[in-house]
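Just so we're aligned, residue 9 is where the sequence shown starts under the working numbering, counting upward by one.
In this text, a Cβ means the ideal position worked out from N, Cα and C, and glycines have one as well.
For clarity, every value in this text was computed on a predicted model and none was experimentally measured.
One structure is given here, and the rest of the page talks about it.
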Amino acid sequence: MITEQSTAEEKLPAKKVLANIADRVYEDAIEAKARGEKVGWISSNFPQEIPETLGLHCVYPESQAAAISAKGGSLPLLEHTEGDLGYSNDLCAYARISLAYADLGACPNGEREMPLPDFVLCCNNICNCMMNWYENIGRMLNIPVIMIDVPFNDKYDVDQKRVDYMKGQFDDCIRQLEEITGKTWDEKTFLKVCERSVKVGEAWLEATTYMCYKPSPLNGFELFNHMAVATMARGKQESLDGFLQLIEEYKQFVSEHRSTFKVEETNRVMFEGIACWPFLRATFSPLKNSGTNVTACVYGPSFAFTYDNTDEMMKAYAGVPNAINLERATELRKKLCLDGKVDGGLVHINRSCKMWSGIAPEMGRRISQDLDIPIVTFDGDQSDPRNFSEAQYDTRVQGLVEVMESNKRGA
């Protein structure tokens, strides 16, 4: 049941409600900074329950970089980091955008402004580049860097040694934040935040499962936008309200045989990897023009964390896509492909994300072999527009569609 909302917000579609929630995360942090409160920058898979319990305002450089890139504003920041700060363009584009923003304190196109941090919270379950990126932010701004090291899981399941190792760091992180901010930890508040976070995660996961309907009631690319709330506001009641509203809209679409994918759905594919934010239209249009909808994607659902207790929480944060081994990563994608009833797949070889893209070709090969579906790769970047070729992408999509349709005729 959807929690009661204001009359004005009830009139808005869920996509607008969710966009407003994401905007407020930044607006609230700007206002908190103006009041003299300490605010932080936080990596997207850092245990958000900790700062949320302490009532801290934190903003997300990765989400900021994605928003800047989607609005076409990434290149000046990338060039500033490379030309003026001396960083290599082989580094993650998110990191280069963030370093430039930390140095300039503003974005040239005015997109997604956020306050400079008084501390940074870093978790390396995304990638090890994150550690150096946030350490350099700390040095540039002379602020504390709080790190939680999530060990890579070379086994299929997370073992107790890893859980205990992470729990000790949770406790140390809380102690450091109390000293930095003057806030006091409250265990009852923590349990309430965890309960909300789990409900938000469950609602977000449920929303993503509506891609499994055939035809899908949603355009799979829209999850790239909705996931911002799952990333930035997992512990907030309004996030739960927004996702529950989204679920109700999808249910209505199913009952009315409607979809936000505005053409006839003739093919269904997995999209593997981070979105090419500067080229969302360019990556979506060839799919739409061929009636090909995205009905499986690990990127969006990966920001839902569900657990029953503290140990399970540790396992959840150690179970994100880039912290697990090849076998488990492949099985995760195969399940999504089967649930999404896909006919093929697109794998983004992302120059920025070495960790993700390093195993992507082998994952694609195994998925293709095990599920007997065509998988094609394309070269790109999550934020650097210099690393993407529309012509190459169009050719790869065209080839994929031809094979999928040939397979259907053969069947």
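With respect to PRO152, GLY48 sits apart: the two C-beta atoms are not nearer than 7 Å. Excluding sequence positions up to five before and after CYS66, its CB lies within less than 6 Å of the CB of GLY48, ILE50, PRO59, all in the same chain and listed in chain order.
In the three-state scheme derived from DSSP, where H, G and I count as helix and E and B as strand, THR314 is classed as coil. Assignment of beta-bridge partners to VAL384 by DSSP yields LEU354. Annotation: the continuous beta strand (DSSP E) that includes HIS65 extends over 65 to 67. Residue pairing by DSSP puts LEU129 in a beta bridge opposite ILE50, ILE154. For ASN117, there is no enclosing beta strand (DSSP E), as DSSP gives it neither H nor E.
By the 16-neighbour rule on beta-carbons within 10 angstroms, GLN390 is buried. Where PHE229 is concerned, there is no enclosing alpha helix (DSSP H), because DSSP gives it neither an H nor an E. Listed in chain order, the alpha helix (DSSP H) runs fully inside the stretch 255 to 325 are 288 to 297, 318 to 325, counting runs of at least 4 residues. About 4 Å separates the beta carbon of MET412 from that of ASP351, a gap short enough to meet the 8 Å contact definition. Excluding its 5 nearest sequence neighbours in each direction, LYS244 has C-beta neighbours in its own chain below 8 Å: ILE29, GLU60, ARG204, VAL208, listed in chain order.
Per DSSP, the unbroken alpha helix (DSSP H) holding TRP212 starts and ends at 195 to 216. Cβ-Cβ distances below 6 Å link HIS88 to ALA108 in the same chain, with the five nearest sequence neighbours on each side left out; the list follows chain order. Of the residues assessed, PRO225 falls on the buried side of the cut-off, its CB having 16 or more other CB atoms within 10 angstroms.
Residue pairing for ASN161: DSSP places it in a beta bridge opposite ILE332. The Cβ atoms of PHE232 and ALA283 sit closer than 7 Å to each other. Between ASN415 and CYS135 a beta carbon distance of about 35 Å is seen, past the 8 Å cut, so the two are scored as non-contacting.
DSSP places SER376 in the uninterrupted alpha helix (DSSP H) bounded by 362 to 379.
Of the candidates LYS196, GLY176, GLU45, the residue whose Cα lies closest to the Cα of ILE188 is GLU45. In this structure, GLY250 sits away from LEU20, with a CB-CB distance that is not shorter than 7 Å. Per DSSP, MET219 lies in no alpha helix (DSSP H) segment and is marked neither H nor E. With a cutoff of 7 Å on beta-carbon distance, TYR102 and GLU143 are scored as not near each other.
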